[in-house]
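Colleague:
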């Protein structure tokens, strides 16, 4: 079940050495839940396990007897509640199982001189104790690495019942076999644990540390260092940086350290810094995706303002005189990457853009008219409801300044006010409608977040949640 906990954590995929932009914290409550789920998974898995054959020889007054126990399957397992705890000393987990009892069945065969006999058997193994310590490390390539540091296994006793053949003859000699069988079982416990850990290690090294989010962005999630283990929780630091797939350009800013708040009562907490959000914005900007050509067809029919020189006359009086009755286009593009700033309970977004206006002649040629620079400042709230991240925004400020003109100078006050009202009356409500629909919280494979809360702190967003395993099969 320890291995289940590690896999559950690392279903988040994973260059070491920089400040982590994303932090994931697994509390002791989460560890104990993983313990119970893992125990159930192991209990189900044991129903399908076939154990290796056991062979041996014991001596009697009449000579040596060779025996083989084969086709060994588990028929019942009394799986006690394991003890799992964080090991700060070894930077990992310590797992202990005490007084495990297992019922087995299979086939027996003996060879005594020229005599060969066979039949079936039932076996009960009592008092199996297993202790395992697993160390967690971050590798240079950003993958999580697990290794076995300590393993100890003990078996107190076994009871064997033989059936068929001359079992009534060999049953009294079973006590000669017990010591060898106990030792065979005991010496196979830790190799089995080691094999399980090696399989987990292989799985972790095969995980991707980056993946494409869409056709524009990729997300890199390597570990930024080794996990930090305390007696009460485990913290993973992830790079958490978006890139343009086309350019893979590094942003002109660095991630800053942040401290995850201690929110008791939850299994899992994750912190996403404003660096991660800003790297996504920079990825879109560096890919040249933050631009749009606005035409009359895109303006709602109910809008009082339309994209033609006549409609723009009240704001730029000379425009309809110079170019009467011509349709217009607006080339809008970001002049720099949008910037997120996270404060207590508030998400701020600043967008700096330029707009180039042109008139379109009947032959389709464009006539440059003017250019303006705009700065849009928004603020918003975020929360979790119905398993979704939702939000709302409001316009804080909007400024418009003249950058260039081919139609002569004009005042921009009225144009600025018109654009500001348009954003408040049409733009913001449309955005809020989308934000109210929300985005589902991400699931880690078959693990669904429940009882989740979201808080916006200075420099990062924190999400704390319990988890529920949907299906282990």
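Numbering (mature numbering (1 follows the signal peptide of the UniProt record, and there is no 0)), first residue to last: -17 to -1, 1 to 456.
Heads up, the beta-carbon is just placed ideally off N, CA and C, and yes, glycines get one too.
This structure is a prediction, so every number in the text was calculated from the model and none was measured.
1. Given a cut-off of 8 Å on the beta-carbon distance, is the pair residue 263 and residue 225 in contact?
2. Once DSSP output is grouped into helix, strand and coil, what is the label at residue 180?
3. According to the Cβ coordinates, are residue 363 and residue 338 closer than 8 Å?
4. When the Cα atoms are used, what is the spatial distance from residue 238 to residue 203?
5. Using a 10 Å radius around the Cβ and a threshold of 16 neighbouring Cβ atoms, would you call residue 91 buried or exposed?
6. Between the Cα of residue 213 and the Cα atoms of 328, 11 and 356, which residue gives the shortest distance?
7. By Cβ distance below 8 Å, which residues in the same chain neighbour residue 346 in space, the five residues on each side in sequence not counted?
8. Could you give the first and the last residue of the continuous alpha helix (DSSP H) run that contains residue 349?
9. So is residue 118 buried or exposed if we call it buried at 16+ other beta carbons inside 10 Å?
10. What would DSSP say about residue 72, mapped onto helix, strand or coil?
11. Verify whether the separation of the beta carbon atoms of residue 381 and residue 299 is less than 8 Å.
12. Note down, in chain order, each residue of its chain lying with its Cβ closer than 6 Å to the Cβ of residue 68, except the 5 sequence neighbours on either side.
13. So, helix, strand or coil for residue 216, using DSSP?
14. Compute the distance between the beta-carbons of residue 184 and residue 115, then report whether it is under 8 Å.
15. Within 10 angstroms of its Cβ, does residue 66 collect 16 or more other Cβ (buried), or is it exposed?
16. Hey, which unbroken runs of the alpha helix (DSSP H) at 4 residues or more fall wholly within the stretch 253 to 302?
17. So residue 305 packs on residue 390, CB below 8 Å; how close in whole Å?
18. According to the neighbour-count rule (16 or more other Cβ atoms, all chains shown, within 10 Å of its Cβ), is residue 52 buried or exposed?
19. Quick one: does the C-beta of residue 114 sit closer than 7 Å to a heavy atom of the ligand GTP?
20. Taking all protein chains shown into account, do 16 or more other C-beta atoms lie within 10 angstroms of the C-beta of residue 18, making it buried, or fewer, making it exposed?
21. Pick from 308, 386, 241 and 210: whose alpha carbon is nearest that of residue 122?
22. Out of 218, 217 and 201, which one is the CA nearest neighbour of residue 231?
23. Assign residue -5 to one of three DSSP states: helix, strand, or coil.
24. For the alpha helix (DSSP H) that residue 137 lies in, which residues bound it at each end?
25. Specify the secondary structure class of residue 121 as computed by DSSP and reduced to three states.
26. Compare the Cα-Cα distances from residue 240 to each of 247, 220 and 249 and report the closest residue.
27. Between residue 109 and residue 84, how many whole angstroms is the CB-CB distance? I'm expecting something under 8 Å.
28. In or out: residue 126 buried (at least 16 other Cβ within 10 Å) or exposed?
29. Within the same chain, show all residues whose beta-carbon is closer than 6 Å to that of residue 49, passing over the 5 residues directly before and after it, in chain order.
30. Could you have a look at residue 335 and say whether DSSP puts it in helix, strand or coil?
31. Rounding to the nearest angstrom, what Cα-Cα distance links residue 47 and residue 60 in this structure?
32. Hey, which unbroken runs of the beta strand (DSSP E) at 3 residues or more fall wholly within the stretch 360 to 448?
33. Give me whichever residues DSSP pairs with residue 310 in a beta bridge.
34. Just checking my contact of residue 134 with residue 188 at CB under 8 Å: how many whole Å lie between their CB atoms?
35. What residue ranges within the stretch 45 to 120 form continuous beta strand (DSSP E) runs of no fewer than 3 residues, ordered along the chain?
Modeller: Quick look at the numbers:
1. Position 280 of the chain shown, counted from the start, is the residue given in the question as residue 263. Position 242 of the chain shown, counted from the start, is the residue given in the question as residue 225. Taking 8 Å as the cut-off, the Cβ atoms of residue 263 and residue 225 count as close.
2. On the chain shown, residue 180 is found 197 positions in, with the first residue counted as 1. Shown here, residue 180 sits in a helix according to DSSP, grouped into three states.
3. As a working note, residue 363 is residue 380 in the chain shown. As a working note, residue 338 is residue 355 in the chain shown. Not closer than 8 Å, so no.
4. Counted from its first residue, the chain shown places residue 238 at position 255. Counted from its first residue, the chain shown places residue 203 at position 220. When only Cα atoms are considered, residue 238 and residue 203 end up about 14 Å apart.
5. Within the chain shown, residue 91 is the residue found at index 108, counting from 1. Looking at its Cβ environment, which holds 16 or more other Cβ atoms inside 10 Å, residue 91 is buried.
6. Mapped onto the chain shown, residue 213 falls at position 230. Residue 11 is the option with its Cα nearest to residue 213.
7. Residue 346 sits at position 363 when you count from the first residue of the chain shown. So no residue of the chain qualifies.
8. In the chain shown, the residue the question calls residue 349 occupies position 366. Segment 349 to 368 is the beta strand (DSSP E) holding residue 349; no alpha helix (DSSP H) there.
9. Taking the chain shown and counting its residues from 1, one reaches residue 118 at position 135. Buried.
10. Along the chain shown, read from residue 1 onward, the residue named residue 72 stands at position 89. In the structure shown, residue 72 sits in coil (DSSP, three-state: anything other than H, G, I, E or B).
11. To locate residue 381, count along the chain shown from 1; it is residue 398. To locate residue 299, count along the chain shown from 1; it is residue 316. Not in contact: residue 381 and residue 299 (Cβ atoms no closer than 8 Å).
12. On the chain shown, residue 68 is found 85 positions in, with the first residue counted as 1. Counting only Cβ-Cβ distances below 6 Å, and skipping sequence neighbours, we find 77.
13. For the purposes of this step, residue 216 is identified with residue 233 of the chain shown, where counting begins at 1. DSSP places residue 216 in strand when its eight states are reduced to three.
14. Taking the first residue of the chain shown as position 1, residue 184 is located at position 201. Taking the first residue of the chain shown as position 1, residue 115 is located at position 132. Here residue 184 is not near residue 115, since their CB atoms are 8 Å or more apart.
15. Taking the first residue of the chain shown as 1, we reach residue 66 at position 83. Flag for residue 66 reads exposed.
16. The stretch 253 to 302 contains these whole alpha helix (DSSP H) runs: 257 to 269.
17. Residue 305 sits at position 322 when you count from the first residue of the chain shown. Residue 390 sits at position 407 when you count from the first residue of the chain shown. Indeed, because the Cβ distance is near 6 Å, the residues count as touching under 8 Å.
18. Looking up residue 52 in the chain shown gives position 69. By the neighbour-count rule (16 or more Cβ atoms within 10 Å), residue 52 is buried.
19. Among the ligands in the structure shown, none appear at all, so the ligand GTP cannot be discussed.
20. To locate residue 18, count along the chain shown from 1; it is residue 35. So residue 18 ends up on the buried side.
21. Working through the chain shown from its first residue, we reach residue 122 at position 139. When the alpha-carbon of residue 122 is set against those of 308, 386, 241 and 210, the nearest one is in 210.
22. The count along the chain shown starts at 1 and reaches residue 231 at position 248. For the residues 218, 217 and 201, the minimum Cα distance to residue 231 belongs to 201.
23. Taking the first residue of the chain shown as 1, we reach residue -5 at position 13. Note on residue -5: pLDDT 40, under 50, position unreliable in the model; the coordinate value appears next. Three-state result, residue -5: coil.
24. Here residue 137 refers to the residue found at position 154 when the chain shown is read from its first residue. Counting along the chain, residue 137 falls outside any alpha helix (DSSP H), though it belongs to the beta strand (DSSP E) covering 127 to 146.
25. One-based indexing of the chain shown puts residue 121 at position 138. Strand.
26. Within the chain shown, the letter at position 257 stands for residue 240. Measuring from the Cα of residue 240, the nearest candidate turns out to be 220.
27. Within the chain shown, the letter at position 126 stands for residue 109. Within the chain shown, the letter at position 101 stands for residue 84. With a Cβ gap of about 5 Å, residue 109 and residue 84 count as contacting.
28. For the purposes of this step, residue 126 is identified with residue 143 of the chain shown, where counting begins at 1. Taking every protein chain shown into account, the CB of residue 126 has 16 or more other CB atoms within 10 angstroms, so this residue is buried.
29. The residue given as residue 49 occupies position 66 in the chain shown. Only 40 and 94 meet the Cβ criterion.
30. Counting from one through the chain shown, the residue named residue 335 turns up at place 352. Here residue 335 sits in strand by DSSP.
31. Numbered from 1 along the chain shown, position 64 holds the residue referred to as residue 47. Numbered from 1 along the chain shown, position 77 holds the residue referred to as residue 60. Counting only the Cα atoms, residue 60 lies some 33 Å from residue 47.
32. The qualifying runs are 371 to 388 and 430 to 440.
33. Position 327 of the chain shown, counted from the first residue, corresponds to residue 310. Bridge partners of residue 310: 291.
34. Taking the chain shown and counting its residues from 1, one reaches residue 134 at position 151. Taking the chain shown and counting its residues from 1, one reaches residue 188 at position 205. Separation of the CB atoms of residue 134 and residue 188 is rounded to 21 Å, and the pair is thereby denied contact status at 8 Å.
35. You should have 46 to 61, 66 to 70 and 75 to 95.
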